[in-house]
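A.B. asks:
There are 2 protein chains.
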Amino acid sequence: MVTIADVARHAGVAPSTVSYVLTGKRSISPQTRSKVRESIRLLGYHPHAGARALASSRANVVALVLPLRAGVHLPVLMRFVTAVVTTARRHDMDVLLVTADQGAEGLRRVAGSAQADGFLVMDVELDDDRVPLLRQMAQPSVLIGRPAAVKGIVCVDLDFEAAGARCVDHLADLGHRHVGFLGAPSVVYQRNTGYAQRTMAGFGAAAMRRGIASTALPAEDDYESVLASMRAMLRAQPAMTALVVHNEAALGWVSAGLRALGRKVPDDVAVVAICPDEYAEQLQLTSVQLPAEELGRQAMELLVARLNGQQTPPLTLLAPKLLSRASTAPR
Amino acid sequence: MVTIADVARHAGVAPSTVSYVLTGKRSISPQTRSKVRESIRLLGYHPHAGARALASSRANVVALVLPLRAGVHLPVLMRFVTAVVTTARRHDMDVLLVTADQGAEGLRRVAGSAQADGFLVMDVELDDDRVPLLRQMAQPSVLIGRPAAVKGIVCVDLDFEAAGARCVDHLADLGHRHVGFLGAPSVVYQRNTGYAQRTMAGFGAAAMRRGIASTALPAEDDYESVLASMRAMLRAQPAMTALVVHNEAALGWVSAGLRALGRKVPDDVAVVAICPDEYAEQLQLTSVQLPAEELGRQAMELLVARLNGQQTPPLTLLAPKLLSRASTAPR
DNA sequence: GTCCGTCATCGAAACGCTTCGACAACGACG
DNA sequence: CGTCGTTGTCGAAGCGTTTCGATGACGGAC
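Which chain is which? The protein sequence lines are A and B, in order.
Residue numbers 828 to 1158, in the numbering used here, belong to the letters of the first sequence in order.
Residue numbers 828 to 1158, in the numbering used here, belong to the letters of the second sequence in order.
1. Considering Cα atoms alone, identify which of A:M828, A:T859, A:D984 is closest to G839 (chain A).
2. Does the distance from the CB of D944 (chain B) to the CB of T1020 (chain B) come in under 8 Å?
3. At 8 Å on the CB atoms, spell out the chain B contacts of M1035 (chain A), in chain order.
4. Enumerate in chain order the residues of its own chain whose CB-to-CB distance from T926 (chain B) is below 7 Å, with the five nearest sequence positions on each side excluded.
5. Mind the definition here: the segment 1025 to 1044 of chain B touches the segment 1056 to 1068 of chain B only if three or more C-beta pairs lie below 8 Å; say whether that holds.
6. According to DSSP, is I1039 (chain A) part of a helix, a strand, or is it coil?
7. Is the segment 1071 to 1086 of chain B touching the segment 1003 to 1017 of chain B in the sense that three or more CB pairs, one from each, lie closer than 8 Å?
8. Quick check for students: name the residue ranges of the beta strand (DSSP E) that lie wholly in the segment 856 to 893 of chain B, counting only runs of 3 or more.
9. With DSSP as the reference, label Q1125 (chain A) as helix, strand or coil.
10. Identify the continuous alpha helix (DSSP H) that holds S940 (chain A) and give its terminal residues.
11. Would L1142 (chain B) pass as a contact of C994 (chain B) if the rule is Cβ separation under 8 Å?
12. Roughly how many whole angstroms lie between the Cα atoms of D955 (chain A) and N887 (chain B)?
13. Could you tell me which of B:Q942, B:R906, B:P967, B:V899 sits nearest to E952 (chain B), measuring between CA atoms?
14. In three-state terms, what does DSSP make of I831 (chain B)?
15. So, is the C-beta of M905 (chain B) closer than 8 Å to a C-beta in chain A?
16. Quick one: which unbroken alpha helix (DSSP H) runs of 4-plus residues sit fully inside the segment 942 to 1014 of chain A? Chain order, please.
17. For the alpha helix (DSSP H) that V1081 (chain A) lies in, which residues bound it at each end?
18. When the distance is taken between beta carbons, is L1117 (chain B) closer than 8 Å to I1101 (chain B)?
19. Where does A921 (chain B) sit, in a helix, a strand or coil, going by DSSP?
20. Starting from L1142 (chain A) and walking both ways along the beta strand (DSSP E), at which residues does that stretch end?
21. So T1139 (chain A) is in the beta strand (DSSP E); what residue range does that whole segment cover?
22. Look up S1114 (chain B) in the DSSP assignment and say whether it is helix, strand or coil.
23. Using DSSP with H/G/I as helix, E/B as strand and the rest coil, what is A1097 (chain A)?
24. Can you look up T1020 (chain A) in the DSSP assignment and give me helix, strand or coil?
25. Between A:L1112, A:Q966, A:S940, which lies nearest to F948 (chain A) when the distance is taken from Cα to Cα?
26. In whole angstroms, give me the CA-to-CA distance for V863 (chain A) and M828 (chain A).
27. State the DSSP-derived secondary structure class of L895 (chain B), mapped to helix, strand or coil.
28. Could you tell me which residues DSSP puts in a beta bridge with A1026 (chain B)?
29. Taking all protein chains shown into account, do 16 or more other C-beta atoms lie within 10 angstroms of the C-beta of G972 (chain B), making it buried, or fewer, making it exposed?
30. Taking C-beta pairs closer than 7 Å, name the residues in chain B that A941 (chain A) reaches, listed in chain order.
31. Buried or exposed, going by whether 16 or more other CB atoms sit within 10 Å of the CB of L1150 (chain B)?
32. Does the count of Cβ pairs from the segment 917 to 936 of chain B and the segment 844 to 854 of chain A closer than 8 Å reach three?
33. Might you give, ordered along the chain, the residues of its own chain that have their beta carbon closer than 7 Å to the beta carbon of M964 (chain B), omitting 5 neighbours on each side?
34. For T926 (chain A), list the residues DSSP reports as bridge partners.
35. What residues from chain B crowd round L901 (chain A), counting only those whose CB sits closer than 7 Å?
36. Tell me which residue opens and which closes the alpha helix (DSSP H) that V848 (chain A) is part of.
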């Protein structure tokens, strides 16, 4: 293994000088800098991560806590992950994969061993038992999503409440008086997942405000379940003329299902989805965008800022954007 | 931060003794052991990962190289990931997430900085440019999948060639003389991905051997594409009475699509899938199992074995298992 | 011509752990 | 009863960085 001492010897300088060239923490003359750089290149030197972590008490690693469990729509999750990894790399950091099933214990271990400088936590439940722990840890953390108690933690989230409301408003403006809500798989609500609950709440409140009748049901990710939920909604509310879908896995089955139930989109039933734009685009659905990449990126940027000692706003809430497409043609 | 010296002081022993209690590399009297354990618990001590890595030249981390790109079916990928993480944890290792788009450069960086002790690489292409690098790296690696040249590397894979053949044999035994093959998205073949190519090859060869006519087409992950591919196959080979599907994302559309083309499963067209068992179970499809968890687990175990200096077989090839279900009822 | 501030560099001391040789204590053995 | 292995523990020397105080060299101000 080639060490910093080897580089220093080769370049005819002190090890500390090499270190300063690498980190840029002190000014170095251009000549020395390029001499050292050349030696580094020639010898193929890579600083030893462990040694670095030990000396600087910075691992240059963030832990990403991922929910690999039922009800999570993986393609969407991966958009977050990709954005996080890309942004991390841009700041010369790496990403340690921690699965949510390792629980608070896993967090404690990773934090205690100083394996990671910070934590990015996804799929937060409203009453999440990891939150108290995160709050008292030495390392900063950023949540993607929002628990009920946000005191003392930093969150990034889409304003799902507003998103739910935005869908209703759009439909109400088009004259719909009876709307349905096709939600995430029921386990997601059972877990009390923040974004799912909030969207529902926003949807419900907006319907009340606009004096519109509404029904809501969860749906699993298969055709039968989607069909069953929609059938049940139509039975409960035969006059239903619009549907809000907050379930990426179900999206593909919705219009086929409605057709099977004797309804055409958009003539009989208008559809608004809450999902990444690409999906809506492909299916030609009016949608509120779920900016996964943007959320992942911002979360990582916030974490980096905190690691650099900067003050950050405790809550970054992205405003929902609705894009009108063929599935809600004016009546 | 509480260090090993604190623990040693608290327990009234030397730091090295604490270390030996932790690693178990020398025998320690039961009394001392429990005394030290108690101090560790009381003080909430966690060894500093960096220090440990530096002193022992072992980071207790494996890098998992993930293909987060088009054509990869994420639910299946996540099965691998979950199995890898779980197995890693069982050996007290953590998992560093490296995305394939960081390329060979990323591997070099992680390896050079001794951030990881070994590499697990997924979604290997037949002529993968990372393979030469992996071969010459100080750290061992295990591939999930197989490049064309396997010399000097360790791979774990399902025998996809046999899997393709197994499907044909099953169908041939049932009397089918004209079969189709609905493959992965075309980008996957364009990339020359090992498992996709091999399955095709096995399928084709078996069809030849059994004197059966065959057609093959790729399919994307949407209904339209699946329908189009199947229509094209039926046009090319109107007598087609059986279909092998090697595309998890397409599975859900197959029987609906065939129905739309005027064919019923299994009476008009028999279907065999190559996919994780759960999917086949749910859709009641005869299938060759894709044991993702098993592959992930074995890959990690092999890597651990190599890290412990054990010799391992260069190729672990799992035999395909076919499970007969309703979609290939005897004619 | 002296003094002072800046700039570039050096040397040495951490950082927290593992590992290896050394060494008592102790029972077994001849 | 001396000797020899074993067992359990200690002390110290690394591991490869970063960081901080120190130090020359140099230029500008007086």
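In this text, a Cβ means the ideal position worked out from N, Cα and C, and glycines have one as well.
Note that this is a predicted model, so its numbers are computed, not measured.
C.D. replies: In this structure, then:
1. Residue mapping note: residue 839 (chain A) aligns to position 12 of the first sequence, counting from 1. When only C-alpha atoms are compared, the closest one is A:T859.
2. As a first step, residue 944 (chain B) is located in the second sequence; it is residue number 117 there, counting from the start. As a first step, residue 1020 (chain B) is located in the second sequence; it is residue number 193 there, counting from the start. Cβ atoms of D944 (chain B) and T1020 (chain B): not closer than 8 Å.
3. Position 208 of the first sequence holds residue 1035 (chain A). Those within 8 Å of M1035 (chain A) in chain B number zero; the least Cβ separation is about 36 Å.
4. The residue given as residue 926 (chain B) occupies position 99 in the second sequence. Once the five neighbours on either side are set aside, the close Cβ partners of T926 (chain B) are L893, L895.
5. Verdict: yes, contact present.
6. Taking the first residue of the first sequence as position 1, residue 1039 (chain A) is located at position 212. Coil at I1039 (chain A), not helix or strand.
7. yes
8. 888 to 893
9. Position 298 of the first sequence, counted from the start, is the residue given in the question as residue 1125 (chain A). Q1125 (chain A) falls in the helix class under three-state DSSP.
10. For this step, residue 940 (chain A) is matched to residue 113 along the first sequence. Careful: S940 (chain A) lies outside any alpha helix (DSSP H) and carries neither H nor E.
11. Here residue 1142 (chain B) refers to the residue found at position 315 of the second sequence. Here residue 994 (chain B) refers to the residue found at position 167 of the second sequence. Contact flag unset, no.
12. Numbered from its first residue, the first sequence carries residue 955 (chain A) at position 128. Numbered from its first residue, the second sequence carries residue 887 (chain B) at position 60. Approximately 29 Å, taken between the alpha carbons.
13. By one-based count along the second sequence, residue 952 (chain B) stands at place 125. Minimum Cα distance to E952 (chain B) is reached at B:V899.
14. As a working mapping, residue 831 (chain B) is identified with position 4 in the second sequence. In the structure shown, I831 (chain B) falls within a helical segment according to DSSP collapsed to helix, strand and coil.
15. Taking the first residue of the second sequence as position 1, residue 905 (chain B) is located at position 78. Cβ-Cβ to chain A under 8 Å: yes for M905 (chain B).
16. 957 to 963, 987 to 1000
17. Along the first sequence, read from residue 1 onward, the residue named residue 1081 (chain A) stands at position 254. Judged by DSSP secondary structure, V1081 (chain A) falls within the alpha helix (DSSP H) whose first and last residues are 1075 to 1087.
18. Along the second sequence, read from residue 1 onward, the residue named residue 1101 (chain B) stands at position 274. Along the second sequence, read from residue 1 onward, the residue named residue 1117 (chain B) stands at position 290. Yes, the Cβ-Cβ distance between I1101 (chain B) and L1117 (chain B) is below 8 Å.
19. Walking along the second sequence from the start, residue 921 (chain B) turns up at place 94. Strictly speaking, residue 921 (chain B) in this sequence is Asp, with Ala absent from that position. The answer is strand: DSSP assigns D921 (chain B) an E or B state.
20. As a working note, residue 1142 (chain A) is residue 315 in the first sequence. For L1142 (chain A), the uninterrupted beta strand (DSSP E) segment begins and ends at 1142 to 1145.
21. Locating residue 1139 (chain A) in the first sequence gives position 312, where the first residue counts as 1. Counting along the chain, T1139 (chain A) falls outside any beta strand (DSSP E), and DSSP gives it neither H nor E.
22. As a first step, residue 1114 (chain B) must be located in the second sequence, where it is residue number 287. It is a strand residue.
23. Along the first sequence, one-based indexing puts residue 1097 (chain A) at 270. Residue state, collapsed to three classes: strand.
24. Here residue 1020 (chain A) is taken as the residue at index 193 of the first sequence, counted from 1. Residue state, collapsed to three classes: strand.
25. The residue given as residue 948 (chain A) occupies position 121 in the first sequence. Before going on, a small fix: residue 948 (chain A) reads as Val here, not Phe. When C-alpha distances from V948 (chain A) are compared across A:L1112, A:Q966, A:S940, the shortest belongs to A:Q966.
26. As a position in the first sequence, residue 863 (chain A) is number 36, starting the count at 1. As a position in the first sequence, residue 828 (chain A) is number 1, starting the count at 1. Approximately 18 Å between the Cα atoms of the pair.
27. Here residue 895 (chain B) refers to the residue found at position 68 of the second sequence. DSSP, reduced to helix, strand and coil, places L895 (chain B) outside both helices and strands of the structure shown, so it counts as coil.
28. Counted from its first residue, the second sequence places residue 1026 (chain B) at position 199. The sequence as given places Thr at residue 1026 (chain B); Ala does not occur at that position. Per DSSP, none; premise fails for T1026 (chain B).
29. As a position in the second sequence, residue 972 (chain B) is number 145, starting the count at 1. Taking all protein chains shown into account, G972 (chain B) has 16 or more neighbouring C-beta atoms within 10 Å of its C-beta and is therefore buried.
30. For the purposes of this step, residue 941 (chain A) is identified with residue 114 of the first sequence, where counting begins at 1. Within 7 Å Cβ-Cβ: H875, A876, G877.
31. In the second sequence, the residue the question calls residue 1150 (chain B) occupies position 323. Burial call: exposed.
32. No, the segment 917 to 936 of chain B does not touch the segment 844 to 854 of chain A.
33. In the second sequence, counting from the first residue as 1, residue 964 (chain B) sits at position 137. Closer than 7 Å at the Cβ level, and outside the excluded window around M964 (chain B), lie A938.
34. For the purposes of this step, residue 926 (chain A) is taken as residue 99 along the first sequence, with counting starting at 1. Answer is A:L893.
35. Locating residue 901 (chain A) in the first sequence gives position 74, where the first residue counts as 1. Those within 7 Å of L901 (chain A) in chain B are L901, P902, M905.
36. On the first sequence, residue 848 (chain A) is found 21 positions in, with the first residue counted as 1. From DSSP, the alpha helix (DSSP H) with V848 (chain A) extends over 842 to 850.
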